[in-house]
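Q: To start, I am sharing the structure in question, which I have written as structure tokens.
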Amino acid sequence: MRRFNILLLLIISVILCSTKSQAQMQSVINTSTYRSIASSNTVFPAKSIAISPTKIISAGNYSPNVLLSPMVAVFCLTDNDSNNNPNYPNCGANTGVLSNFPVSDMTLYQDEVFFCGNISNSQTDTAYFAHTYWEKLVTGGNIEMFSFPKQEVNIVSKIDAYDNDIGENKVSLIGVDTIHHRSLFIDVNLSISQCEIYAFDSRRVKLLDVSHNAKHVVVLGQLENGIFALLSHDKNDLHNYVGQIYHTPQLYLDDTLGHYHYLLEMFKPNDMDVAIVGYSAMDDMSGTTISMINLYNMDVMQTQAVDQFNEARSNFKYMKMDFANKELLCLITNPITGFNNNIFTLRPLIPNDYYTEVAIPDGHHNADYFTSLVPYKGEPFYMALGKFFSGKILFFDKRQYDFSDLTCMEKAHFDVKIIKEIKKMEQINYDLLYPIPYSHSQVSSFPIISNYTIECQ
285 MRRFNILLLL IISVILCSTK SQAQMQSVIN TSTYRSIASS NTVFPAKSIA
335 ISPTKIISAG NYSPNVLLSP MVAVFCLTDN DSNNNPNYPN CGANTGVLSN
385 FPVSDMTLYQ DEVFFCGNIS NSQTDTAYFA HTYWEKLVTG GNIEMFSFPK
435 QEVNIVSKID AYDNDIGENK VSLIGVDTIH HRSLFIDVNL SISQCEIYAF
485 DSRRVKLLDV SHNAKHVVVL GQLENGIFAL LSHDKNDLHN YVGQIYHTPQ
535 LYLDDTLGHY HYLLEMFKPN DMDVAIVGYS AMDDMSGTTI SMINLYNMDV
585 MQTQAVDQFN EARSNFKYMK MDFANKELLC LITNPITGFN NNIFTLRPLI
635 PNDYYTEVAI PDGHHNADYF TSLVPYKGEP FYMALGKFFS GKILFFDKRQ
685 YDFSDLTCME KAHFDVKIIK EIKKMEQINY DLLYPIPYSH SQVSSFPIIS
735 NYTIECQ
């Protein structure tokens with residue numbers, strides 16, 4: 285086993301270390317910057333989260349040998365204060381790996397990173413979640429790991445964490461039980477070591493995401509193309525909930541690109557009790573669309589859409605609230621711009637039509653290469669995480685409102701319109717509610733050395 289770990293370390297170091305450039309990354313001073321890390325062609329970037337105004341953790345997965353080796357999780361630190369911090373002499377020099385535990389989602393709560401995924405070499409437990417301080421992810425250390433029985437939870441795809449008003453530390457997950465055809469909302473109470481499942485028949489409802497604000501835990505699901513469900517739970521008593529079904533235009537559907545579903549985001553916990561549901565509508569009016577829903581009465585407050593002449597039939601891939609600026613960062617693939625990725629902001633609840641500026645990162649003729657966005661700094665900036673078809677892990681930094689220098693990107697603008705509200709239909713309830721056990725263990729991550737290559741600046 286020791287020989288295998290040493291061999292794995294050498295393989296990962298070779299894969300991740302850039303051979304093109306060992307140039308030290310500078311803080312982002314231009315309006316946009318491309319960076320990359322060399323990788324194998326099986327890498328799958330997962331998600332980026334801001335852990336401070338200047339530090340971002342990005343997670344991804346790959347297999348050193350698709351036929352022989354399990355998946356490996358990689359955590360990389362992007363630190364724009366690195367030149368001023370002797371502990372981080374190179375922006376890309378802090379990377380940690382976690383063997384056998386590929387990551388599907390992660391979030392930050394208080395000072396800890398919570399992440400989840402599916403164990404790739406276990407016969408009994410296949411789905412897990414974990415939490416640790418971010419330093420241990422990139423510099424090595426023990427990580428608290430929790431796993432579910434294989435016969436109860438096969439897959440977990442989304443994670444959220446919060447404390448309720450009585451001080452209980454809670455973890456929310458979206459999962460699947462393929463044995464019993466169930467789509468799962470998993471509520472874990474770490475304070476009293478209990479776990480409950482809220483389940484739908486997965487052939488009727490597919491749960492997609494979970495998030496929380498100051499008063500509610502919100503679960504998003506999809507019934508079919510053009511119909512979604514939103515379930516709003518009292519954060520202090522999850523058994524107290526209301527579920528509502530909504531009808532929208534059909535979603536963008538293309539067998540060559542996949543069936544792109546609904547997205548969920550919340551306003552900042554103490555701002556207002558509103559959920560945002562995003563989708564790519566297939567109608568005569570719009571492509572990228574967001575609907576704001578009141579979590580008390582479940583009414584639709586407003587629906588905004590990008591005009592169809594700007595980006596008809598877009599694929600709405602990712603959205604993230606920029607809480608500091610009260611805007612919604614959006615990532616789409618746009619057929620009108622040659623199926624390139626487009627990044628722009630929407631302004632939820634603005635009462636009138638408006639327009640928004642769009643960044644179109646240089647793609648070197650590779651479409652669909654970004655997967656997630658994260659806002660950071662108060663100036664403000666955002667960073668996109670993705671992958672080139674050539675196998676590189678890709679990072680694109682952008683100063684949000686500064687389009688004075690178009691290096692590394694092109695510019696467009698979208699017209700955004702307030703459109704007719706979507707239709708509120710009947711209520712919906714979970715099919716089953718039951719407890720399940722989970723187990724606790726510790727695993728170790730270990731650091732490696734990697735370096736960014738500056739692709740464009």
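Taking this note's numbering, the leading residue of the sequence shown gets 285, the next gets one more, and so forth. Each residue gets a CB set at the ideal place from its N, CA and C atoms; glycine is no exception. The structure presented is a predicted model; accordingly, all values stated were derived computationally and were not measured.
Using a Cβ-Cβ cutoff of less than 7 Å, which residues in the same chain neighbour G510 once the five nearest sequence positions on both sides are dropped?
A: Cβ within range, chain order: H531, T532, P533, Q534 and L535.
Q: How many whole angstroms separate the CB atoms of P632 and L612, which I take to be in contact at a CB cut-off of 8 Å?
A: Indeed, because the Cβ distance is near 6 Å, the residues count as touching under 8 Å.
Q: Enumerate in chain order the residues of its own chain whose CB-to-CB distance from S516 is below 7 Å, with the five nearest sequence positions on each side excluded.
A: So the qualifying residues of the chain are H500, V502, Y525, V526, L579 and M582.
Q: Tell me whether P635, by its Cβ, gets closer than 7 Å to a heavy atom of the ligand HEM.
A: Of ligands this structure carries none, so the ligand HEM is not represented either.
Q: Please name the residue, chosen from Q478, L421 and F432, that lies closest to E452 on a Cα-to-Cα basis.
A: Among Q478, L421 and F432, the Cα nearest to that of E452 belongs to Q478.
Q: Does DSSP put V422 in a helix, in a strand, or in coil?
A: Helix.
Q: Could you check what DSSP says for I439 in three-state terms: helix, strand or coil?
A: DSSP places I439 in strand when its eight states are reduced to three.
Q: Please list the segments of the beta strand (DSSP E) lying wholly inside the region 491 to 559, counting only runs of 3 or more residues, in order along the chain.
A: 500 to 508, 511 to 518, 521 to 531 and 547 to 550, all fully within the region 491 to 559.
Q: From the DSSP output, in three-state form, read off Q394 for me.
A: Residue state, collapsed to three classes: coil.
Q: P619 by DSSP, collapsed to three states: which one?
A: In this structure, P619 counts as helix in the three-state DSSP scheme.
Q: Measuring CA to CA, which of V397, I577 and S475 is closest to T416?
A: Ranking the options by Cα distance to T416, first place goes to V397.
Q: When you compare the region 383 to 399 with the region 327 to 337, are there three or more beta-carbon pairs, one atom per stretch, that lie closer than 8 Å?
A: Contact holds: three or more Cβ-Cβ distances are below 8 Å.
Q: In terms of alpha-carbon separation, which member of Y685, S431, Y482 and F359 lies closest to T410?
A: Here the closest residue by C-alpha is S431.
Q: Is the beta carbon of A483 sitting closer than 8 Å to the one on Y714?
A: The answer is yes: Cβ separation under 8 Å.
Q: In angstroms with no decimal places, state the Cα-to-Cα distance between F512 and A559.
A: Rounded to the nearest angstrom, the two C-alpha atoms are 13 Å apart.
Q: Using a Cβ-Cβ cut-off of 6 Å (strictly less than) and excluding sequence neighbours within five positions of L716, which residues of its own chain qualify?
A: Around L716: A483.
Q: Using C-beta distances below 7 Å, list every residue in its chain close to S575, excluding the 5 sequence neighbours before and after it, in chain order.
A: V561, V584, T587 and I706, listed in sequence order.
Q: Would you identify the three-state DSSP class for F593, choosing helix, strand or coil?
A: If DSSP states are grouped into helix, strand and coil, F593 belongs with the helices.
Q: Among T317, I403, Y346 and A414, which one has its Cα closest to the Cα of Q726?
A: Residue A414 is the option with its Cα nearest to Q726.
Q: Which residue or residues does DSSP assign as beta-bridge partners of M709?
A: M709 is not bridged to any residue.
Q: The beta strand (DSSP E) with Q478 in it runs from where to where?
A: Start and end: Q478 to D485.
Q: Whose C-alpha, out of L615, K610 and G459, is nearest the C-alpha of S634?
A: Position check: residue 634 holds Ile in this sequence, whereas Ser was assumed. Among L615, K610 and G459, the Cα nearest to that of I634 is on K610.
Q: So if DSSP puts V327 in a beta bridge, which residue, or which two residues, is it bridged to?
A: BP columns for V327 are empty, so no partner.
Q: Do you know how far the Cα of S598 is from the Cα of S342?
A: Roughly 26 Å separates the two Cα atoms.
Q: Anyone know if the C-beta pair for F665 and V381 falls short of 8 Å?
A: Their beta carbons are not under 8 Å apart, which means F665 does not touch V381 by this criterion.
Q: Once the 5 residues before and after R487 are set aside, which same chain residues still bring their CB inside 7 Å of it?
A: So the list reads H465, once near-sequence residues are dropped.
Q: Would DSSP call G344 helix, strand or coil?
A: Three-state result, G344: strand.
Q: Tell whether a beta-carbon distance below 8 Å holds between I463 and M667.
A: No. Outside cutoff.
Q: Taking the C-alpha atoms as reference points, what is the distance between A608 and K676?
A: Distance between the alpha carbons of A608 and K676: 31 Å.
Q: Do you know offhand how far V749's Cα is from K454's?
A: For residue 749 there is no data in the structure shown, the boundaries of the chain being 285 and 741.
Q: Assuming L421 and F469 form a contact by the criterion Cβ under 8 Å, report the distance between their Cβ atoms to the nearest whole angstrom.
A: No, L421 and F469 are not in contact; Cβ-Cβ is about 26 Å, not under 8 Å.
Q: With distances taken Cα to Cα, identify the nearest neighbour of T655 among Q592, T617, C740 and S728.
A: T655 has its Cα closest to that of T617, out of Q592, T617, C740 and S728.
Q: Would you identify the three-state DSSP class for M582, choosing helix, strand or coil?
A: Here M582 sits in coil by DSSP.
Q: Less than 8 Å between the C-beta atoms of E739 and Y318, yes or no?
A: Taking 8 Å as the Cβ cut-off, E739 and Y318 qualify as a contacting pair.
Q: Can you tell me which of T379, P433, F399 and Y446 puts its alpha carbon nearest to the alpha carbon of E419?
A: Ranking T379, P433, F399 and Y446 by Cα distance to E419 puts T379 first.
Q: According to the Cβ coordinates, are H496 and Y446 closer than 8 Å?
A: Contact flag set, yes.
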